[in-house]
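Structure record follows, encoded as structure tokens.
Protein chains in written order, with my numbering: chain A, 1 to 111; chain B, 1001 to 1115.
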């Protein structure tokens, strides 16, 4: 059974810092991995999707990497802003369109 | 392109009642998945529908059911509500032809409170 762990559970940083969020998983037989953002009481916004054959994806200030052999993915946020404050979730799809989610990292960026 | 829509956004029900939630996927998406989010269990997969057929089901009791219509809209039903069913219910749609690889797009969710 796939298990997904996200560390740290919460993070508070001053504006402008670069930061790394971690996601680890137990089963490397994945189809893709998605990073999402969730604002309080809201739905999920897809940030990046990494296909199983890819090593990383970039979108603006965000960069996500995938290392299947070690069971790890990282989300790098450059030059953080207060508007980045949210919960970040990683989710794995084994090809059956049933995402397995981590518990999330709650990020607060202080002005 | 319009996003995933869910109705209603908020619901309050009493234990023992049943409830039906609705989800309209992104136009052209034929796969619809449902998830339950609670503070204790996080996000958990309920089931996935494609072309009116349930293709995958999570580990939830039979009180949770769903269906999909020919226009890809989906409903989920929870019968005999329990207090523990209070949660945010999220719907997601995807299409392998949209950027490929089944990227899932989520709706805003339905907040269900059972009293």
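We treat Cβ as the ideally placed atom computed from N, Cα and C, and that holds for glycine.
Helix, strand or coil at residue i according to DSSP, with G and I counted as helix
i              : result
residue 104/A  : coil
residue 1084/B : helix
residue 59/A   : strand
residue 1094/B : strand
residue 1026/B : coil
residue 1106/B : strand
residue 1014/B : coil
residue 54/A   : coil
residue 20/A   : strand
residue 1009/B : coil
residue 109/A  : strand
C-alpha gap between residue i and residue j, whole angstroms
i              : j              : result
residue 1086/B : residue 1004/B : 22 Å
residue 1023/B : residue 1035/B : 12 Å
residue 1080/B : residue 1020/B : 12 Å
residue 6/A    : residue 1009/B : 29 Å
residue 60/A   : residue 1115/B : 44 Å
residue 28/A   : residue 71/A   : 6 Å
residue 1050/B : residue 100/A  : 19 Å
residue 112/A  : residue 107/A  : Beyond the ends of chain A as shown, which are 1 and 111, falls residue 112/A; an answer cannot be given.
residue 74/A   : residue 17/A   : 16 Å
residue 47/A   : residue 66/A   : 14 Å
residue 1070/B : residue 1026/B : 14 Å
residue 38/A   : residue 1017/B : 30 Å
residue 68/A   : residue 1015/B : 44 Å
residue 1065/B : residue 1077/B : 5 Å
residue 1108/B : residue 86/A   : 15 Å
residue 1110/B : residue 32/A   : 26 Å
residue 105/A  : residue 9/A    : 5 Å
residue 1013/B : residue 53/A   : 45 Å
residue 1061/B : residue 64/A   : 36 Å
residue 1038/B : residue 89/A   : 14 Å
Extent of the continuous beta strand (DSSP E) to which residue i belongs
i              : result
residue 1066/B : 1064-1068
residue 1048/B : 1042-1050
residue 29/A   : Premise fails: residue 29/A is in no beta strand (DSSP E) and is neither H nor E.
residue 10/A   : 10-14
residue 1059/B : Careful: residue 1059/B lies outside any beta strand (DSSP E) and carries neither H nor E.
residue 1032/B : 1031-1038
residue 6/A    : 4-7
Sheet register partners of residue i (DSSP bridge)
i              : result
residue 1075/B : 1022/B and 1067/B
residue 47/A   : According to DSSP, which records beta bridges pairwise, residue 47/A is partnered with nothing at all.
residue 1115/B : According to DSSP, which records beta bridges pairwise, residue 1115/B is partnered with nothing at all.
**OP:** With a floor of 3 residues, list each beta strand (DSSP E) that falls wholly inside the region 65-99 of chain A, ordered by position along the chain.
**Re:** DSSP runs (the beta strand (DSSP E)) wholly in the region 65-99 of chain A: 72-77 and 86-93.
Original post:
Mind listing which residues of the region 24-36 of chain A have their C-beta closer than 8 Å to chain E's C-betas, in chain order?
Top reply: Reference to chain E is not applicable here, since the protein chains of this structure are A and B.
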